[in-house]
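S.K.:
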Ligand code: NAD
Ligand code: TDX
């Protein structure tokens, strides 16, 4: 058995990673550490609590991380403050968790000589023009726009420095926008689905021409396992599934799939500094490590996600009023 420590395993991608690993990779013995911020939800792990060890704790807690890292073989580091809009309301938790938290993990990994995989985002590269023929590659210069993406960029830099200066055995991956079950309803796709289910009109920022490169969360997580299996220490891999669509198209598709008029939404205040377009070239991961995505039909993926939020309203209902009230304060 290989001992696997998953940080942020009660969040969206982390909890899906726990489920994916239990289903596909039984050789791993899983411990999750999660602070259970507003974004962490134990209900995402209820079904598997008898199969994992769960520790409620902060990745910035030096003693705790030292102990947990010393007891494991591999660490996959998902824990972060992850929402751009929140980082514009209050950047501090992003500096604390994303930068100080990653530093704390790196110091424990350095001391105990363990293997680390650091999860990051394509947002570290800033954005592309709509008509730019290029996509992000591993050689694109970092140019983050928001407090969230700059804190993630900082965490990547720390990992790279600890690899080079201290010989830490780490890999990094930077993925595009994920969707799927257990995603917090503050994020674009689940916000719109749960708005429609709650009789609230969906909300499109600005013109909705911004493009995101959507990937199903299970494809992100299969790529992370590929990197754990075959990735080269010190290397960074971009993860993407050629899922570029603009926000207006995604919202209209959700409305259509839910049997509504495709124009039944509101334009609301745009996000300050709103990145125009993300697009990933994942050739390195595909060619060097042989990874391929499975869920490349966005319409089908959206339908499955709509079905999940419809069936699992108990998972999100209690949060809905609070999330919408925070958006309403910003005219969003
Ligand atoms: P999320 O907000 O749903 O989950 C984050 C989890 O981390 C929560 O369970 C939260 O309780 C936990 N956490 C926060 N601060 C903590 C702390 N100090 N100590 C311990 N736990 C803490 O986020 P997500 O969307 O699942 O993103 C996970 C990772 O993937 C992040 O690193 C994010 O930057 C990255 N990422 C996300 C996307 C996306 O589309 N969501 C895309 C690319 C990369
Ligand atoms: O109500 C909304 N209306 C809207 O038009 C919301 C919440 C968002 N949007 C727009 C903003 C973005 O262009 O939709 C797009 C997606 O927004 P988010 O879901 O907030 O995602 P984004 O800001 O693109 O960042 C996501 O992908 C990269 C994740 O939240 C990050 O953690 C990840 O790093």
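In the working numbering, the protein residues as written are 63 to 394.
From the three backbone atoms N, C-alpha and C, an ideal C-beta is built for every residue, glycine too.
How would you call residue 356, buried or exposed, if buried means at least 16 neighbouring beta carbons within 10 angstroms?
M.R.: Reading the chain shown from its first residue, position 294 is the one you call residue 356. Flag for residue 356 reads exposed.
S.K.: Of the choices 134, 79 and 119, whose alpha-carbon is the least far from that of residue 65?
M.R.: Position 3 of the chain shown, counted from the first residue, corresponds to residue 65. Nearest option by C-alpha distance: 134.
S.K.: Below 8 Å between beta carbons: does that hold for residue 93 and residue 115?
M.R.: Here residue 93 refers to the residue found at position 31 when the chain shown is read from its first residue. Here residue 115 refers to the residue found at position 53 when the chain shown is read from its first residue. Yes, they are a contact pair.
S.K.: Can you pull the DSSP bridge partners for residue 177?
M.R.: Position 115 of the chain shown, counted from the first residue, corresponds to residue 177. As computed with DSSP, residue 177 is found in a beta bridge with 136 and 231.
S.K.: If you run the structure through DSSP and keep just helix, strand and coil, what is residue 246?
M.R.: If you number the chain shown from 1, residue 246 lands on position 184. The answer is coil: DSSP assigns residue 246 none of H, G, I, E or B.
S.K.: How many Å lie between residue 127 and residue 227 at the Cα?
M.R.: For the purposes of this step, residue 127 is identified with residue 65 of the chain shown, where counting begins at 1. For the purposes of this step, residue 227 is identified with residue 165 of the chain shown, where counting begins at 1. Those two C-alpha atoms are separated by around 21 Å.
S.K.: Going by the CB atoms, is the gap between residue 199 and residue 300 shorter than 8 Å?
M.R.: Residue mapping note: residue 300 aligns to position 238 of the chain shown, counting from 1. Residue mapping note: residue 199 aligns to position 137 of the chain shown, counting from 1. Closer than 8 Å, so yes.
S.K.: Jot down the residue ranges of each uninterrupted alpha helix (DSSP H) in the segment 347 to 394, minimum 4 residues, whole runs only, in chain order.
M.R.: 360 to 373 and 375 to 391
S.K.: Going by CA-CA distance only, name the one from 339, 332 and 312 that's closest to residue 150.
M.R.: Numbered from its first residue, the chain shown carries residue 150 at position 88. Answer by Cα proximity: 332.
S.K.: So what's residue 144 in DSSP terms, helix, strand or just coil?
M.R.: Taking the chain shown and counting its residues from 1, one reaches residue 144 at position 82. Three-state result, residue 144: coil.
S.K.: Indicate the three-state DSSP secondary structure (helix, strand or coil) for residue 254 in the structure shown.
M.R.: Here residue 254 refers to the residue found at position 192 of the chain shown. Residue 254: helix per DSSP, three-state reduction.
S.K.: With DSSP collapsed to three states, give me the class of residue 274.
M.R.: Position 212 of the chain shown, counted from the start, is the residue given in the question as residue 274. Reduced to three states, the DSSP call for residue 274 is strand.
S.K.: I'd like the span of the alpha helix (DSSP H) that includes residue 74, first residue to last.
M.R.: Here residue 74 refers to the residue found at position 12 when the chain shown is read from its first residue. From DSSP, the alpha helix (DSSP H) with residue 74 extends over 74 to 86.
S.K.: Determine the contact status of residue 281 and residue 341, defining contact as a CB-CB distance below 8 Å.
M.R.: Locating residue 281 in the chain shown gives position 219, where the first residue counts as 1. Locating residue 341 in the chain shown gives position 279, where the first residue counts as 1. Going by C-beta atoms, residue 281 is not nearer than 8 Å to residue 341.
S.K.: Give, in chain order, every unbroken run of the alpha helix (DSSP H) that is at least 4 residues long and sits entirely within the segment 264 to 337.
M.R.: 279 to 292 and 309 to 319
S.K.: Is the separation between the beta-carbon of residue 277 and that of residue 303 shorter than 8 Å?
M.R.: On the chain shown, residue 277 is found 215 positions in, with the first residue counted as 1. On the chain shown, residue 303 is found 241 positions in, with the first residue counted as 1. Yes, these two residues count as a Cβ contact at 8 Å.
S.K.: From this set, 255, 231 and 187, which residue's C-alpha is nearest residue 241's C-alpha?
M.R.: For the purposes of this step, residue 241 is taken as the residue at position 179 of the chain shown. The residue among 255, 231 and 187 with its C-alpha nearest the C-alpha of residue 241 is 255.
S.K.: With C-beta atoms as the reference, is residue 70 less than 8 Å away from residue 142?
M.R.: Indexing the chain shown from 1 puts residue 70 at position 8. Indexing the chain shown from 1 puts residue 142 at position 80. Taking 8 Å as the Cβ cut-off, residue 70 and residue 142 qualify as a contacting pair.
S.K.: Classify residue 128 as helix, strand or coil using the three-state DSSP reduction.
M.R.: Start at 1 with the first residue of the chain shown, and residue 128 comes out as number 66. For residue 128, the three-state secondary structure derived from DSSP is helix.
S.K.: Within the same chain, show all residues whose beta-carbon is closer than 7 Å to that of residue 174, passing over the 5 residues directly before and after it, in chain order.
M.R.: Position 112 of the chain shown holds residue 174. Around residue 174: 131 and 132.
S.K.: Going by the beta-carbon positions, is the gap between residue 121 and residue 213 smaller than 8 Å?
M.R.: Within the chain shown, numbered from 1, the residue matching residue 121 stands at position 59. Within the chain shown, numbered from 1, the residue matching residue 213 stands at position 151. No. Outside cutoff.
S.K.: Under a three-way DSSP split, which group does residue 100 fall into?
M.R.: Within the chain shown, numbered from 1, the residue matching residue 100 stands at position 38. Residue 100: coil per DSSP, three-state reduction.
S.K.: Going by C-alpha to C-alpha distance, which of 80, 63 and 106 sits closest to residue 89?
M.R.: Working through the chain shown from its first residue, we reach residue 89 at position 27. With distances taken between Cα atoms, residue 89 lies closest to 63.
S.K.: Indicate the three-state DSSP secondary structure (helix, strand or coil) for residue 222 in the structure shown.
M.R.: Looking up residue 222 in the chain shown gives position 160. In the structure shown, residue 222 adopts helical secondary structure according to DSSP, grouped into three states.
S.K.: Evaluate contact between the segment 353 to 370 and the segment 200 to 211, counting only Cβ atoms and requiring at least three cross-stretch pairs below 8 Å.
M.R.: Too few Cβ pairs lie closer than 8 Å, so no.
S.K.: Judging by CA-CA distance, which residue of 249, 230 and 247 is the nearest neighbour of residue 168?
M.R.: Along the chain shown, one-based indexing puts residue 168 at 106. Among 249, 230 and 247, the Cα nearest to that of residue 168 belongs to 230.
S.K.: By alpha-carbon positions, which one of 82, 252, 345 and 343 ends up nearest to residue 369?
M.R.: On the chain shown, residue 369 is found 307 positions in, with the first residue counted as 1. Answer by Cα proximity: 252.
S.K.: Check each candidate in 270, 375 and 283 and name the one with the smallest Cα separation from residue 85.
M.R.: Translated into positions along the chain shown, residue 85 becomes position 23. Taking only the C-alpha atoms, the option nearest residue 85 is 283.
S.K.: Look up residue 65 in the DSSP assignment and say whether it is helix, strand or coil.
M.R.: As a first step, residue 65 must be located in the chain shown, where it is residue number 3. DSSP places residue 65 in the strand class (E or B) of the three-state scheme.
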